[in-house]
Ligand SMILES: *Cc1c(COP(=O)(O)O)cnc(C)c1O
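Residue numbers (this note's numbering): 26 to 426.
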């Protein structure tokens, strides 16, 4: 970790020793005292420039100085990142803003943004001599972890809640993971996974309390900056579950600004499902995490006890951003509209980000003249049941006689 200067606690600010995998601040008696990785940015600036970047492969390893890893030839051949950004003018008209672009994270190898974290986590696990990686997941984190574990030849155990969509479970099984369906919620799957990791000395991929994984999600922000440099959006909208993705994206944008690779820092909009929006409410109230017992059709962001809420709020604030909540009806409408008006098939947790743009414009949080980029965090094929329930039916016709 040549460019990492230290790990600090998000609560007390004290420096902490790097944990082997997951781990919170040893000084704070707080399960949410997450660690954050800090870099020697002066040293990074000497190594990353538009010129040096122009010679690098188009995947997220191009930012390896800003990841808590050692360069690794084998791992750097795993595909991940550099997903396309496309203009969606008809969707912009629907959402009510001047310009709207979509970054399609469904184009990652296992079809979600989680590949950015999993690729870093699996590499980190391999470098630490782990024999098995484990994670609890509503679906995408698990299927992605299983996919990269298969690429690396590392054993994987994935704990999924009962209501994980079947296509995601199919991915896990096809990638050869040991899949354990927990008769309970995501929060319960999470606790069981943490306990099994501690008991068996497995590598814990649980993103929220593994400070290295959030850094992987950061590459989405680094890419948005590099891909839009000179025409940076005013706002970047992203859906929020545990809070790792948005914290990572905001941090990535800020680091690119600090390196002088973009001129203007976009503001970040966090979007939660109205029935499960503890981070948005904590942001609005300025207080602790409120209790939450709702659930949403968007399994990817159905997180009642988000571990990384502090980091999410800290980084969203630092960009001058804000949060908005959208109903399940708005999410379902956004799935259909994003498909029809932009040709991008989003899963519910991803369409929430698009729905949030429309909601934020309607509320006056985003100006109608704004240039917005929405991150589509996962592919719609990952939750066919929800898609089919709203898609309508094909007409049946006879073939030619
Ligand atoms: C995981 C996920 C998110 C949110 O990421 P967090 O780090 O949990 O906030 C959003 N959309 C999809 C599709 C996801 O799988």
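Yeah, the Cβ is synthetic: ideal placement off N, Cα and C, and Gly gets one too. None of the values given here were measured: they were computed from a predicted structure.
- Not one heavy atom of ligand 1 sits closer than 6 Å to the Cβ of residue 189.
- Counting the other CB atoms within 10 Å of its CB gives residue 291 a total of 16 or more, which places it among the buried residues.
- In this structure, the CA atom of residue 66 is about 35 Å from the CA atom of residue 380.
- Residue range 29–34 is occupied by the beta strand (DSSP E) that includes residue 30, with no alpha helix (DSSP H) assigned at that position.
- Residue burial is scored here from C-beta neighbours: residue 163 has at least 16 other C-beta atoms within 10 angstroms and is therefore classed as buried.
- Assignment of residue 127 by DSSP, reduced to helix, strand and coil, places it in the strand class.
- Unbroken beta strand (DSSP E) runs of no fewer than 3 residues, entirely contained in the region 360–411, are found at 396–401, following chain order.
- By the criterion of at least three beta-carbon pairs nearer than 8 Å, the region 44–55 is not in contact with the region 97–110.
- Residue 228 is bridged by DSSP to 158.
- Taking 7 Å as the cut-off, the Cβ atoms of residue 64 and residue 33 do not count as close.
- By the CB criterion at 7 Å, residue 141 and residue 241 fall inside the cutoff.
- The straight-line gap separating the alpha-carbon atoms of residue 282 and residue 257 is approximately 11 Å.
- Residue 183 is bridged by DSSP to 160, 204.
- Straight-line spacing of the CA atoms in residue 295 and residue 344 works out to 11 Å.
- If you check the CB distance, residue 334 and residue 375 do not come in under 7 Å.
- Annotated three-state conformation of residue 292 is strand, per DSSP.
- Around residue 320, the same chain offers 300, 301, 327 as residues with beta carbons nearer than 7 Å, after the five sequence neighbours per side are excluded.
- Sixteen is the threshold: when 16 or more other Cβ atoms of the shown chains lie within 10 Å of the Cβ of residue 297, as they do, the residue is buried.
- Distances between the C-beta of residue 420 and the heavy atoms of ligand 1 are all 6 Å or more.
- With fewer than 16 neighbouring CB atoms inside 10 Å of its own CB, residue 418 falls in the exposed class.
- Boundaries of the alpha helix (DSSP H) harbouring residue 338: 334–343, taken from the DSSP string.
- Spatial neighbours of residue 51 in its own chain (CB-CB distance under 7 Å, excluding positions within 5 residues in sequence) are listed in chain order as 41.
- Assigned with DSSP and collapsed to three states, residue 110 falls in strand.
- Looking at the backbone, the Cα of residue 128 and that of residue 145 are separated by about 20 Å.
- Burial state of residue 193 is buried, judged by a 10 Å Cβ sphere holding 16 or more other Cβ atoms.
- By the criterion of at least three beta-carbon pairs nearer than 8 Å, the region 108–116 is in contact with the region 360–373.
- For residue 84, the closest of 147, 412, 252, 37 by C-alpha to C-alpha distance is 252.
- One alpha carbon belongs to residue 78, the other to residue 423, and they sit about 55 Å apart.
- One alpha carbon belongs to residue 391, the other to residue 199, and they sit about 42 Å apart.
- Checking the 6 Å criterion, the Cβ of residue 326 is within range of a heavy atom belonging to ligand 1.
- Distance from the CA atom of residue 130 to the CA atom of residue 382, rounded to whole angstroms, is 17 Å.
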